[in-house]
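Protein chains in written order, with the numbering used here: chain F, 117 to 126; chain X, 3 to 217. We put the CB at the ideal spot given by N, CA and C, even for glycine. Working notes for the structure below.
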Amino acid sequence: GSISGFHDEL
Amino acid sequence: MNIFRLAGDMTHLASVLVLLLKIHTIKSCAGVSLKTQELYAIVFATRYLDIFTSFYSIYNTLMKLVFLGSSFSIVLYMKYHKTVHRSYDREQDTFRHWFLVLPCLLLALLIHEKFTFLEVLWTFSLYLEAVAILPQLVLLQRTRNIDNLTGQYVFLLGGYRGLYILNWIYRYFTEPHFVHWITWISGLVQTLLYADFFFYYSQSWKNNKKLQLPA
């Protein structure tokens, strides 16, 4: 999921 | 992190390492499309810009560095290494891959999750990754014979994409609001591009004959 707009997948 | 995503990342890692090792050991890049490798370098460069701004995990940062390092070293090997660059099939690797970059950039400017510099480039890298394999698939069709390492490379890449789709299905059912249409659709398109390659690859294994792709 995008935690604070952050992409956790490579 | 789930087993599908971990397996997908490991398969992706294996694909780039297989390719890098092939080029490094036999000092040849016959059958490898430089255009696809250049596109992948751009994909990683535009996707991992957040490596400087946000830290998610050691694993995440480490893998980003490995993918950046391996993709750029493959391109540098193929372009500038005194022996390797001579085995690059320039006449056959003629896919106009720059024609892929612009539409992906325009599409990212139109369809994205957030209109910020990093987010638009991240979305661009998703769209570009979906089509980055095209020059390589065209080259394989042209040269018609697939030496097994290049075939393995494409096979592993397809496997990584397939595992990622399982990862998204798993996350959709286990994380309440995990919905990322852009990632899912571009990932699906990319995986479908491998589908026909997989068909011919499996055929060649079944009949135990050299992989001949239809012209």
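(message) Against chain F, does residue 146 of chain X count as a neighbour if the rule is that its beta carbon must be under 8 angstroms from one of theirs?
(response) Residue contact check for residue 146 of chain X against chain F: no CB pair falls below 8 angstroms.
(request) Only counting runs of 4 or more residues, tell me where the alpha helix (DSSP H) segments fall wholly within the stretch 54-90 of chain X, in order along the chain. (result) 60-82
(request) May I ask you to list, following chain order, the residues of the stretch 116-133 of chain X that have a beta carbon less than 9 angstroms from some beta carbon of chain F? (result) Across the stretch 116-133 of chain X, CB contacts with chain F closer than 9 angstroms involve 116, 118, 120, 121, 124, in sequence order along the chain.
(message) Could you compute how far the alpha carbon of residue 119 of chain F sits from the alpha carbon of residue 184 of chain X?
(response) Note that residue 119 of chain F scores a pLDDT of 48, beneath 50, so its modelled location is shaky; the value from the coordinates is reported in the next line. Cα to Cα, residue 119 of chain F sits roughly 16 angstroms from residue 184 of chain X.
(request) Helix, strand or coil for residue 97 of chain X, going by three-state DSSP, please let me know. (result) Residue 97 of chain X: coil per DSSP, three-state reduction.
(request) May I have the straight-line CA-CA distance separating residue 89 of chain X from residue 27 of chain X, to the nearest angstrom? (result) 13 angstroms
(message) Starting from residue 137 of chain X, trace the alpha helix (DSSP H) in both directions and tell me its first and last residue.
(response) Bounds of the alpha helix (DSSP H) holding residue 137 of chain X are 136-145.
(request) Closer than 7 angstroms by C-beta to residue 134 of chain X: which residues in its own chain qualify, once you throw out the five before and the five after it? Chain order, please. (result) 38, 41, 42, 45
(message) Tell me which residue opens and which closes the alpha helix (DSSP H) that residue 113 of chain X is part of.
(response) Per DSSP, residue 113 of chain X belongs to no alpha helix (DSSP H) and is neither H nor E.
(message) Counting only C-beta atoms, is residue 118 of chain F closer than 8 angstroms to chain X at any point?
(response) Low per-residue confidence applies at residue 118 of chain F: pLDDT is 43, beneath 50, and the placement is therefore not dependable, though the value from the model is reported in the following sentence. Closer than 8 angstroms to some Cβ of chain X, the Cβ of residue 118 of chain F qualifies, so yes.
(request) Using alpha carbons as the reference points, say which of X:194, X:98, X:172 lies closest to residue 6 of chain X. (result) Nearest in C-alpha terms to residue 6 of chain X, of all of X:194, X:98, X:172, is X:172.
(request) For the alpha helix (DSSP H) containing residue 179 of chain X, list its first residue and its last residue. (result) Where residue 179 of chain X is concerned, there is no enclosing alpha helix (DSSP H), given that its DSSP letter is neither H nor E.
(request) Out of X:25, X:36, X:3, X:81, state which residue places its alpha-carbon closest to the alpha-carbon of residue 142 of chain X. (result) X:36
(request) Less than 8 angstroms between the CB atoms is what I'm expecting for residue 203 of chain X and residue 159 of chain X, so what's the real figure, rounded? (result) In fact, because the Cβ distance is near 12 angstroms, the residues do not count as touching under 8 angstroms.
(message) Can you give me the C-alpha to C-alpha distance between residue 10 of chain X and residue 19 of chain X, rounded to a whole angstrom?
(response) 14 angstroms
(message) Considering Cα atoms alone, identify which of X:50, X:127, X:208 is closest to residue 192 of chain X.
(response) X:127
(request) Could you tell me if residue 198 of chain X is buried or exposed, where buried requires 16 or more neighbouring beta carbons within 10 angstroms of its beta carbon? (result) exposed
(request) Please classify residue 12 of chain X: does DSSP put it in a helix, a strand, or coil? (result) helix
(request) Look at the alpha carbon of residue 14 of chain X and the alpha carbon of residue 117 of chain X, and state the distance between them as a whole number of angstroms. (result) Approximately 29 angstroms between the Cα atoms of the pair.
(message) Using only CA atoms, which one of X:140, X:34, X:115 lies nearest to residue 79 of chain X?
(response) X:34
(message) List, in chain order, every chain F residue whose beta-carbon is nearer than 8 angstroms to that of residue 80 of chain X.
(response) By Cβ distance, chain F contributes nothing, its closest Cβ being about 23 angstroms from residue 80 of chain X, past 8 angstroms.
(message) So residue 67 of chain X and residue 106 of chain X are supposed to be a Cβ contact under 8 angstroms. How far apart are they, rounded?
(response) The C-beta separation of residue 67 of chain X from residue 106 of chain X comes to about 24 angstroms, leaving the pair out of contact by the 8 angstroms criterion.
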